[in-house]
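Worksheet: one structure, shown below.
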Ligand SMILES: [Fe+2]
Ligand SMILES: [Fe+2]
């Protein structure tokens with residue numbers, strides 16, 4: 001996620017007030033508890049998740065498993081739901097990206113600080129929202145496969161190369177990066 005992504009994110013923040021998240025689309029895939037969780041996300045994040053869903057659905061999945069597309073859709077909608085715990089403004093997202101690139105070790109140290117402290121919040125949220133999201137989505141009755149996708153959506157692509165959910169993770173990550 002580079003400067004282009006940040007720029008896109010900034011533009012999205014500026015224009016999100018004009019758009020309404022497609023809740024009917026979300027409700028096609030989410031149960032009531034999941035939908036409540038989805039709706040607790042800031043509007044900009046809801047719009048992002050819906051766009052990720054559309055991109056993910058555009059991919060032709062090479063599997064006979066009929067549940068795979070549904071689990072991917074749920075993961076697309078809820079992949080960033082961990083962000084509900086500690087709201088972050090757009091400017092708070094930029095510095096962690098730069099620090100992570102410059103020094104992953106420094107980033108890790110900052111990300112391990114208390115997210116209640118606004119100084120570190122952006123770092124903690126960037127690093128931990130996949131795990132937090134999987135926990136929240138788990139409480140909302142999400143399948144094991146969708147939870148795994150949420151928990152690992154930010155991991156380096158190569159890390160799970162041989163995992164049986166790797167093809168779905170690749171689709172989710174590509175969709176996330178594109179939006
Ligand atoms: Fe994320
Ligand atoms: Fe995302």
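Residue numbers (my numbering): 1 to 179. Quick reminder that beta carbons are idealized off the backbone N, C-alpha and C, glycines included.
Taking the C-alpha atoms as reference points, what is the distance between residue 76 and residue 137?
12 Å
Run the Cβ filter for me: residues under 5 Å from any heavy atom of ligand 2, listed in the order they occur in the chain.
80 and 176
Sorry if obvious, but does the Cβ on residue 48 come closer than 7 Å to a heavy atom of ligand 1?
no
Are residue 127 and residue 113 close, meaning C-beta to C-beta below 8 Å?
no
Return the CA-CA distance between residue 24 and residue 105, expressed in angstroms with no decimal places.
42 Å
Comparing C-alpha positions only, which one of 158, 44, 169 and 162 sits nearest to residue 81?
44
Exposed or buried, which one is residue 119 when buried takes at least 16 other CB atoms within 10 Å?
exposed
Taking 8 Å as the limit between beta carbons, can you name the residues of its chain near residue 149, skipping five residues before and five after?
71, 72, 75, 79, 165, 168, 169 and 172
To the nearest angstrom, how far is it from the Cα of residue 140 to the Cα of residue 46?
17 Å
So, residue 56 versus residue 175, is the Cβ gap smaller than 8 Å?
yes
When the Cα of residue 142 is compared with those of 117, 64 and 33, which residue comes out closest?
33
Considering just the uninterrupted stretch of the alpha helix (DSSP H) at residue 31, what are its terminal residues?
Neither: residue 31 is in no alpha helix (DSSP H) and is coded neither H nor E.
Using beta-carbon positions only, say whether residue 129 and residue 83 come within less than 8 Å of one another.
yes
Can you check whether the CB of residue 108 is closer than 8 Å to the CB of residue 115?
no
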